[in-house]
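Beneath this line is the structure, given in structure tokens, with notes to follow.
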Amino acid sequence: SEIGTHDKWTIVNHLSAVEYLNYEDSKFSKSRGVGVFGDNARDTGIPSDIWRFYLLYIRPESQDTTFSWTDLMNKNNSELLNNLGNFINRALVFINNNFDSTIPEMTFQSSDKTLLARINRELVHYFDLMDKIKLRDGIRHILNISRIGNQYIQAAKPWELIKKGPQEKARAATIMGLAANVSALLSVLITPYMPNTSAVIQNQLNVKINLLPKDNRFHCILKSGHKISKAEPLFKKLEAKEIESLKERFKGKQEKTAETNGTPEADPFEGLTSDELNACLTTQADKVRQLKSQKEPKPVIEKEVKILLDLKKRLSLLSGNIPQNNLTNSKIKKK
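Each step along the sequence shown adds one to the number in the working numbering, with nothing skipped, and position 276 is 967.
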């Protein structure tokens, strides 16, 4: 129908497919209440940007990955709070307190140019990965930039320089003015991942930036004299007690196995009559259809299909018929 209109329709340039996302040491299951889903994620009290960040950080792009509450806590506390958030906050607070919330004059030295080169190197990787829809790896280069920024500030120690003579104060001004500009860059880079956080950073910087330079390189856009707003923490720490509570809340009805019980698993269909097996078969077939309609993970569906096939085999044997296993299995695979 699109060809028949003779219009210039937009053609797909990229088609991104992913593998399965598992839940802790199990599988997500809506029917068993295992895992946190979109309709109750907001009730956890964890901001939506944190969810976006973590789910993209563990995006199963080339192989199955696992959602873990402990890992979510660790990534929030280490990568967001202590890395990205710490870098931006310490730069802006320093300018608030020592330069009357004004971007100071900057005179670059060799160490500053080294910082620019390292950032541009990360940007090359970032843009290449984003073009390839490698979102999971792309975010790691954003975090590398803030990590480089933290190392730069830590090595320069501007809090000591600001207490000394005019030359040292001028050096501190360059360091923190450059750090504020790196913060502006980060606010744009994280937009696809954390749009709300991006907006908060830009509000604190008192600037609106939607696009990066056409050459995809770092440029200082906050000029000397630019006024910034009051700095506020971007992220809060997730506590272990809070995470354990959420983990317990969303664990759902866990399946019991022979291993967990410590005793051999009884055969639930042993000794059933033909009519009873027929009833079980109908129930099991309905269960498989329901799991498929809910798009449950493949391993969960395969487990129930195996039970369904076993019931068919038992019923055939009880009726005196020889089940055509090979034919049945081939039909299932074709489906």
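C-beta: ideal position from N, C-alpha, C; glycine also. This one's a predicted model, so the numbers in the text were calculated from it and none came from an experiment.
Practice task
Grab me the residues of Asn774's own chain with a C-beta within less than 8 angstroms of its C-beta, minus the 5 sequence neighbours each way, in chain order.
Solution key: The residue given as residue 774 occupies position 83 in the sequence shown. Once the five neighbours on either side are set aside, the close Cβ partners of Asn774 are Leu834, Ser837, Arg838, Asn841.
Practice task
Can you tell me which of the three DSSP states Thr756 falls into?
Solution key: For this step, residue 756 is matched to residue 65 along the sequence shown. Residue state, collapsed to three classes: strand.
Handout entry: Span of the alpha helix (DSSP H), counted from its first residue to its last, around Leu712
Key = The residue you call residue 712 lines up with position 21 of the sequence shown. First-last for Leu712: 712-714, but that is the beta strand (DSSP E), not the alpha helix (DSSP H).
Exercise for the section: Have a look at Asn901 and Ala871 and give me their C-alpha separation to the nearest angstrom. Expected result: Within the sequence shown, residue 901 is the residue found at index 210, counting from 1. Within the sequence shown, residue 871 is the residue found at index 180, counting from 1. Roughly 17 angstroms separates the two Cα atoms.
Handout entry: Supposed close pair Glu715, Ser769 - CB separation, criterion 8 angstroms
Key = Translated into positions along the sequence shown, residue 715 becomes position 24. Translated into positions along the sequence shown, residue 769 becomes position 78. Actually they are not in contact, since the Cβ atoms of Glu715 and Ser769 sit about 20 angstroms apart, beyond 8 angstroms.
Exercise for the section: With DSSP collapsed to three states, give me the class of Lys1003. Expected result: Within the sequence shown, residue 1003 is the residue found at index 312, counting from 1. Three-state result, Lys1003: helix.
Practice task
Count the other C-beta atoms from every protein chain shown that fall within 10 angstroms of the C-beta of Ile737, then say buried if there are 16 or more, exposed otherwise.
Solution key: As a working note, residue 737 is residue 46 in the sequence shown. Flag for Ile737 reads buried.
Problem - Chain-order list of residues whose beta-carbon lies under 7 angstroms from that of Ala847 (same chain, five-residue window excluded) - result: Working through the sequence shown from its first residue, we reach residue 847 at position 156. Excluding sequence neighbours, Ala847 sits near Ile866.
Practice task
Tell me Val725's beta-bridge partners as DSSP assigns them.
Solution key: Translated into positions along the sequence shown, residue 725 becomes position 34. Answer is Ser720.
Practice task
Leaving out five residues on either side along the sequence, give the residues of the same chain with a beta carbon under 8 angstroms from the beta carbon of Glu950.
Solution key: Against the sequence shown, residue 950 aligns to sequence position 259. Because Glu950 carries a pLDDT of 47, less than 50, the predicted location of this residue cannot be relied on, and the following value inherits that uncertainty. For Glu950, where only same-chain residues beyond five positions count, there are no Cβ hits under 8 angstroms.
Exercise for the section: Would you check if there are 3 or more beta carbon pairs closer than 8 angstroms linking the segment 891-909 to the segment 802-817? Expected result: At 8 angstroms Cβ cutoff, the stretches touch.
Exercise for the section: From the DSSP output, in three-state form, read off Lys766 for me. Expected result: Within the sequence shown, residue 766 is the residue found at index 75, counting from 1. Helix at Lys766.
Exercise for the section: Classify Thr701 as helix, strand or coil using the three-state DSSP reduction. Expected result: Here residue 701 refers to the residue found at position 10 of the sequence shown. Coil, per DSSP.
Exercise for the section: Measure the C-alpha to C-alpha separation of Ala808 and Ser792 and round it to an integer number of angstroms. Expected result: Here residue 808 refers to the residue found at position 117 when the sequence shown is read from its first residue. Here residue 792 refers to the residue found at position 101 when the sequence shown is read from its first residue. Looking at the two C-alpha atoms, the distance is approximately 27 angstroms.
Handout entry: Cβ neighbours of Ala863 in the same chain (closer than 7 angstroms, five flanking residues each side left out)
Key = Counted from its first residue, the sequence shown places residue 863 at position 172. Here the set comprises Pro849, Leu852, Ile853.
Handout entry: C-beta atoms of Leu772 and Phe744 nearer than 8 angstroms
Key = Counted from its first residue, the sequence shown places residue 772 at position 81. Counted from its first residue, the sequence shown places residue 744 at position 53. Taking 8 angstroms as the cut-off, the beta carbon of Leu772 is found no closer than this to the beta carbon of Phe744.
Handout entry: Start and end residues, alpha helix (DSSP H) containing Asp791
Key = Start at 1 with the first residue of the sequence shown, and residue 791 comes out as number 100. Unbroken run through Asp791: none, as it is neither H nor E.
Practice task
Under 8 angstroms by Cβ, that's how I've got Pro988 and Phe719 pegged, so tell me the actual separation to the nearest angstrom.
Solution key: Taking the first residue of the sequence shown as position 1, residue 988 is located at position 297. Taking the first residue of the sequence shown as position 1, residue 719 is located at position 28. That pair is a contact at about 7 angstroms.
Problem - Residue from Asp819, Val991, Thr888, Tyr711 with nearest C-alpha to Ser753 - result: Taking the first residue of the sequence shown as 1, we reach residue 753 at position 62. It is Tyr711 whose Cα lies nearest to the Cα of Ser753.
Problem - According to DSSP, residues forming a beta bridge with Lys918 - result: Here residue 918 refers to the residue found at position 227 of the sequence shown. DSSP output for Lys918 lists Thr793 as bridge partner(s).
Problem - Thr701 classed as buried or exposed, judged by whether at least 16 other C-beta atoms fall within 10 angstroms - result: To locate residue 701, count along the sequence shown from 1; it is residue 10. Exposed, by the Cβ-count rule.
Practice task
Assign Leu925 to one of three DSSP states: helix, strand, or coil.
Solution key: Translated into the one-based positions of the sequence shown, residue 925 becomes position 234. If DSSP states are grouped into helix, strand and coil, Leu925 belongs with coil.
Exercise for the section: Report the option in Ile934, Thr974, Pro857, Pro904 whose CA atom is closest to the CA atom of Ala875. Expected result: Translated into the one-based positions of the sequence shown, residue 875 becomes position 184. Comparing Cα positions, the closest option is Pro904.
Exercise for the section: Have a look at Lys766, Asn780, Glu796 and flag the residue whose alpha-carbon is nearest the alpha-carbon of Lys1108. Expected result: Not covered by the structure: residue 1108. The range shown for the chain is 692 to 1026.
Practice task
Please list, in chain order, all residues of the same chain as Leu820 whose beta carbon is under 6 angstroms from its beta carbon, the five residues on each side excluded.
Solution key: As a position in the sequence shown, residue 820 is number 129, starting the count at 1. Asp828, Gly829, listed in sequence order.
Handout entry: Extent of the continuous alpha helix (DSSP H) run through Lys938
Key = Within the sequence shown, numbered from 1, the residue matching residue 938 stands at position 247. Residues 931-940.
Problem - Member of Leu880, His917, Trp742 whose CA lies at the smallest distance from the CA of Val898 - result: Walking along the sequence shown from the start, residue 898 turns up at place 207. Selected option, being the one with the closest Cα: His917.
Exercise for the section: Give the DSSP-derived three-state secondary structure of Asn901 in the structure shown. Expected result: Translated into the one-based positions of the sequence shown, residue 901 becomes position 210. Asn901 falls in the coil class under three-state DSSP.
Handout entry: Coarse secondary structure for Cys911, derived from DSSP in three states
Key = The residue you call residue 911 lines up with position 220 of the sequence shown. In this structure, Cys911 counts as coil in the three-state DSSP scheme.
Problem - Closest by C-alpha distance to His832, when choosing among Ile810, Tyr843, Val873 - result: Here residue 832 refers to the residue found at position 141 when the sequence shown is read from its first residue. Selected option, being the one with the closest Cα: Ile810.
Practice task
Grab the span of the alpha helix (DSSP H) containing Gln975 for me, first residue to last.
Solution key: If you number the sequence shown from 1, residue 975 lands on position 284. Gln975 -> alpha helix (DSSP H) spans 965-984.
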